[in-house]
Structure formats: C-alpha cells, structure tokens
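To convert a position in the sequence shown, counted from 1, into this note's numbering, add 16.
Quick reminder that beta carbons are idealized off the backbone N, C-alpha and C, glycines included.
Notes to accompany the following structure.
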Amino acid sequence: MQYKGDSVDKAMQLKLYQRMLKPRLIEEKMLILLRQGKISKWFSGIGQEAISVGVASALTPDEYILPMHRNLGVFTTRNIPLHRLFSQWQGKANGFTNGRDRSFHFGTQEYKIVGMISHLGPQLGVADGIALADLLKNNKRVTAVFTGEGGTSEGDFHESLNLAAVWNLPVLFCIENNGYGLSTPTNEQYKCENLADKGPGYGMESQIVDGNNILEVFSTVDGICKSMRKNPRPVLLEFKTFRMRGHEEASGTKYVPQDLLDAWEEKDPIVNFEKFLLDEKILSAHLIETLKNEIYAEIDYDLKKAFSEQEIEVDQTKELRDVYKVFDYQQYNHGSTTNNIRLIDAVSQGLKQSMDRHDNLVVMGQDIADYGGVFKITEGFVQTFGKERIRNTPICESAVVSAAMGLSINGVKSVMEMQFADFVSTGFNPIVNYLAKVHYRWGENADVVIRMPCGAGVGAGPFHSQTNEAWFTKTPGLKVVYPAFPYDAKGLLATSINDPNPILFFEHKGLYRSIYQEVPEDYYTLPFGKAALLKEGSDITVVSYGLGVHWALDILKDNPDIKADLLDLRTLQPMDMDAIYTSVQKTGKLIILQEDSLFGGVASDISALVMENCFKFLDAPVMRVASLETPIPFAKNLENNYLPKERFANELFRLLAY
Ligand SMILES: Cc1ncc(C[n+]2csc(CCOP(=O)(O)OP(=O)(O)O)c2C)c(N)n1
C-alpha cells in the first residue's frame, strides 16, 4: 500500500492512527463479549475503519454525518463517550434511545450524527434535506452520508442522488463498497464496473478512493469538502474496501472465498498504516503500546459503567407519551371578515398565511412552482415566496419525504404536496418507518406536513381516487387530519403546520371545488381531536369524515324526520372518541360511514371501541358502511356502485327500524 505522507501533516497522521485504533480495539472487545453472550448482535466494521475515520475527520464538528451499521469510527471520531455507546448497545437508559432501538440506529444532535433506519436507503434522502437546510440558511457546510454497495440498488439511492444533483445540494455520498451485501457479491448486486461510474449519469462528480488507505481517504475527502463548502454541489465517492467478517457475527463468512479474505487481510488499513508510521518514525513500538493501553483502560472503565447501569425501567405512560413531540397548541382567533370560498381556496389561503408566518417553511412537490400544482393550490406562490421556498421536485416521493425529514433535523419546516394521495405509496417507507418512529426512537421530531389530495367520485379510476388514511392511522407517531369543510381545512392546516409532528393532511378532491363556506380572511388555528357536531338528534348517531359527511348531510336533508346526531371527526389521529361516546350514550345507535373500503378502516376501530366502552348503552349493533372491497373502478356507474352513499341510506333506515 502506498502512503503519500506529505499530503497530511504528521500530527494529523498520528491522530488518524489513534482514531482508527479505537474502533478496532472496541470491536475486538465486543467480539469477546458477544461470545460470552453479554451483547446481542454485532455488525463488524473491522477492515473498514479508514473510511469512517477519514470521512469524519475531514468534516467540521458542526457538519452532519449520517453513518450506517459498520461506521463505529464515525461515532468514536465524534468523541461520543464510550459508556453511552455501550449503554446504547445494551438497551439501557444512558444510551440514545431509552432502550427503544438497537446498535447504531440512533441519532444525536449533540454530536451532529444522524443514524440509520434498518431500511438503509432513506438515509440518503435525509442527507439531501439536511444539506438543503444548510443551503437555505447560507451555511457553508457539507453533509456526509454513507451507504454500502448493496444499498445502492435501492430506489432511494437513485432518487436521492438525482435530487441532490438537480438541487445542487452539498452532500458527500460515500459508498463503502466492501464486496458483499449480506451474502450477495457485487456481481449479483450491480452490472457496471464501478459504482462511481454512476456519478456522471446524475450529472455529479465522482471518484474512486482506496478505502483502506487512511491518508488517501482523509486527504481526498478533506480536499473535496473544502471545495464543496465554497462551491456547494453533491459529490459521489466510491471507497473500495472489504468486509472482513460476516454480515453480522452470527452469519459467518463461509460463502466468501478464502483467497479474497487473505488478499484483503494484507491490506488491513491499521496494520499497514502502523508500519508506515513506524518507518516514518512518527510512531514507535512504545508509543503504540501506550496508545493501546490508554484505549483499553477507557474501554474497561466505560464498560464497567455501562454494565453496572440498571436495566431500563418500564414506564408505560412514558412509552406512550414519547411517541409524539409535545405540541403546545396555540389558539389564534380570527376577526369577523369572511369570504365565501371553496375548500381549495381555503387550503391555498391557509398555506399562504403559514408561509408568511413561518420564515423557515418550505413547500415541496411535483409541478407546484410556476405551474401552481395540478390543483392550483400554490398558484402564484413562487412570485410571493420565490423558488427557494416553493420547490418543484423530480418524481421521487421517497427521497422528498426523506428530505423533509432532513430539513426538520436541520431546523426547517416543510409541507410536501403529494400530487395525488395515491402516490404516497412510493414514499410510504420513510413516512411510516422514519418520520413516524423518529421521536419515539431518539427524540428527534419530523416537522413535516404531507398534503394528500384524495378521494373518489371524480371518475379517475383505481390510481387517482383512493382515500388511504387507514394506511396511516394504523401507524403510531403520525397524526391524520381530514377536514370536510373550507373553514376546518384552513384552520386545521395552520395547526398542522404549527405542530412539530408528522401530519398527513387529507384534502378531498371531490370537495375542492364543490363546497363553499364563509371563511375568515385572517389566519386562525383549530385544535386537533375535536369532532364537530353538525346536527343534533336523539334517535341515532352518524359518524363520518371527509366526503362521507356530505353524503350523510344529503341523506338527512332528504329525510328530515330522522333525528340524528351527525359527527364530523375532522381529525382521525387524534380522534375525538369522547364525542362519539357521549352521543352514543344518548342515542343508543351508531352508524359509521367511511369512503374507504371496509376492512381495516377507521370505522372498524370506532366500532370496536364503542362496543368495548358503550356496550350497555347500545340498542342495536354498531353498523359500518363503506365502499366495496375492490379497487376503485373508472366508469361512472361502476364507481357509484363502489361508493357507499346508497348503501348508507339503506343501512341507516334498517338501523333506525331495529
Ligand atoms: C430495505 C431492506 N432490505 C433488506 C435489508 C436486509 N439487509 C440488511 S443489511 C443488508 C446488506 C447491506 O449491504 P450493503 O449495503 O452492501 O452494506 P454492508 O452490510 O455490506 O456494509 C441487507 C440485505 C434491509 N435492512 N433493508
């Protein structure tokens, strides 16, 4: 191995050696503890230390770094106290996740480290968002993110590199090509010769780096970072290295040819660098021993500390509480001036007023800038707020959701417009796995609103008509808002943007231009978790939300003899169960109407809760009315047959007669 000693000063060379030694010695200790059954899983980065240490050493302490599961050297180079790492790996309270997540699955703002989720790819889009926030704040900073070569096969890799290139984001994409993704060798992972070859395809500089040569890693990354800080742009680096141990310790390396392991053992980044430093007289045998002993002492001391820490205590209240960041709801009242506007205008107005109010709010979505979005919600926004804050995105929902997460980590709020709620499926992973879980996992929050133009009745067929709120009400950590009227839409959107938690904000397309209401001109907020009692009656309780509310209103209008409480839920998570219980206790009968197909929908859970909590008040079975268990058909008569409006009227009469 060739070291160019003159590229890095001697003090730094020594520091780099020390920094590589530390994760190596920690790992050696962990392997012993693993065999003793004192720790659970271990993902080894032995042989890959030069990459973690070299990259982390080239960044400034205020620059974010996003490591993966083999990057212990990132954590140690950022000087995280070892006992906290050990506690983290043992699921103890002094770790970073209160025992809620394992190994390297955590982040810490204190050390500007944002750890991975198991799904690997979203990490890359999060880096885009962090870098975008720096760019918007005019911080001259680089964000470095890691991926293995296996992770480059995920769609997130393509989406995130493309997004970074199109937006010119200062992200250093670091591929650690260690030959295997679990048991899959590179020739079964990708077809091109080098992954760095992909850079030019994205319009991005790229470079191959010898990942086992610490001086090459450090000096290359250092040089590139200096240049990226001056001239912000993404750069792709492919570090060639090798995974010397199994994917994780239990899985072994049987499938790896021995000659490959032998050849790479010769290239051990620490052994070789040590020899070089000895030759250069930067190191001596005595100094090596001293350095090792210092690290051993630190490991032993900190291990004792972590082992003596008690097991995490179970506190169910805290477990439930920590799913969401506490939101200090502020009521903003409005004056008396109103205008008769449509639901679509109310959403647009609410969004615009929030843009005025929050300097750090960015809106992202497909075709939302000059074009104004397919529904024209953001028409004219570019002229008022500029293209920095009103951002057209490529067609890459997953990377944009992840970028929204990154923006939030770096202090920028965002609203993302799904062009149609149906397309959220391609951004589903980061929503339910990253945004939803991040506060519970390590106390970070996702200050993100995802606007969801949804719903049927517009003859748009199976892929432009879904109302998929139940995909999200199922997932702890998300809030789900679903207004049925312009007044609610405006006030609830303002609240959603103020709330620091991730929110799915459903806007029914069929209501956009058909429902008018007097809506205050002023900015105002409305609280979550408060259903609206639209009609009062003693015979039956009707519960619905979104378009269903209007179907119920139509049918009750046509049948003035029916004395019904009609509750519009307005928000589904949190849900105003108290309002439902109160009404059911009065009427003894409940019918729930939802536009979505029946099984696993919101109506089913309301029904279950009412049975469990109000059984003695019920005079009849709780009825759920919903769409057919089919995809949403296109032809008008098929769609009408699919939707439950007519069935609702029949069931309502049946239940009243029960
Ligand atoms: C979306 C997803 N699919 C599969 C896995 C299972 N898995 C975890 S790590 C891994 C291999 C990753 O390989 P690579 O990105 O090259 O990183 P390395 O482990 O080699 O460092 C696989 C298949 C996962 N965690 N997430």
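Residue 505 and residue 363 look like a contact to me (Cβ under 8 angstroms); what is the Cβ gap, rounded to whole Å?
5 angstroms
Out of 334, 122 and 315, state which residue places its alpha-carbon closest to the alpha-carbon of residue 136.
122
Output the distance between the C-alpha atoms of residue 197 and residue 205, rounded to the nearest integer angstrom.
8 angstroms
My assumption, with CB atoms under 8 angstroms, is that residue 667 sits in contact with residue 639. Please give the rounded CB distance.
5 angstroms
Among 112, 634 and 126, nearest to residue 77 - alpha-carbon criterion:
126
Using the three-state DSSP reduction, which class does residue 244 fall into: helix, strand or coil?
helix
So, at 8 angstroms on beta carbons, what are the nonlocal neighbours of residue 394 in its own chain, with the 5 sequence-adjacent residues on each side left out?
364, 367, 379, 381, 384, 385, 388, 406 and 433
Where DSSP assigns a beta bridge to residue 600, which residues make up the other side?
None; residue 600 has no bridge partner.
Taking the alpha-carbon positions, what's the residue 57 to residue 212 distance?
31 angstroms
Three or more C-beta pairs below 8 angstroms linking the region 515-532 and the region 490-502:
yes
Taking the DSSP output, what are the residues bridged to residue 468?
522
Cβ atoms of residue 422 and residue 740: under 8 angstroms apart, would you say?
Only positions 17 to 674 of the chain appear in the structure, and residue 740 is not among them; the question remains open.
Could I get the ranges of all uninterrupted beta strand (DSSP E) runs contained in the region 326-402, with 3 residues as the minimum, in chain order?
354-358 and 377-381
So what's residue 160 in DSSP terms, helix, strand or just coil?
strand
DSSP state of residue 533, grouped into three classes?
strand
Considering Cα atoms alone, identify which of 503, 338, 416 and 425 is closest to residue 676.
This structure cannot settle anything about residue 676, because the visible part of the chain is limited to 17 through 674.
Should residue 196 be listed as close to ligand 1, given that the test is whether its C-beta is under 7 angstroms from any heavy atom?
yes
If you follow the alpha helix (DSSP H) that residue 451 is part of, which residue opens it and which one closes it?
Per DSSP, residue 451 belongs to no alpha helix (DSSP H) and is neither H nor E.
Does the beta-carbon of residue 134 have 16 or more other beta-carbons within 10 angstroms, so that it is buried, or is it exposed?
exposed
Per-residue burial, residue 229 [other beta carbons within 10 Å of its own, 16 or more giving buried]
buried
Residue burial classification, residue 162 (beta-carbon count within 10 angstroms, cutoff 16)
buried
For residue 580 and residue 558, I'd like the C-alpha separation in whole angstroms.
7 angstroms
Coarse secondary structure for residue 412, derived from DSSP in three states:
coil
Which residues share a DSSP beta bridge with residue 190?
162 and 253
Run through DSSP, which three-state label would residue 627 get?
helix
Restricting to Cα atoms, I'd like to know which of 67, 664, 111 and 98 is closest to residue 190.
67
Measuring alpha carbon to alpha carbon, tell me which residue in 187, 201, 289 and 272 is nearest residue 232.
289
Where DSSP assigns a beta bridge to residue 613, which residues make up the other side?
643
Under three-state DSSP, which class holds residue 456?
helix
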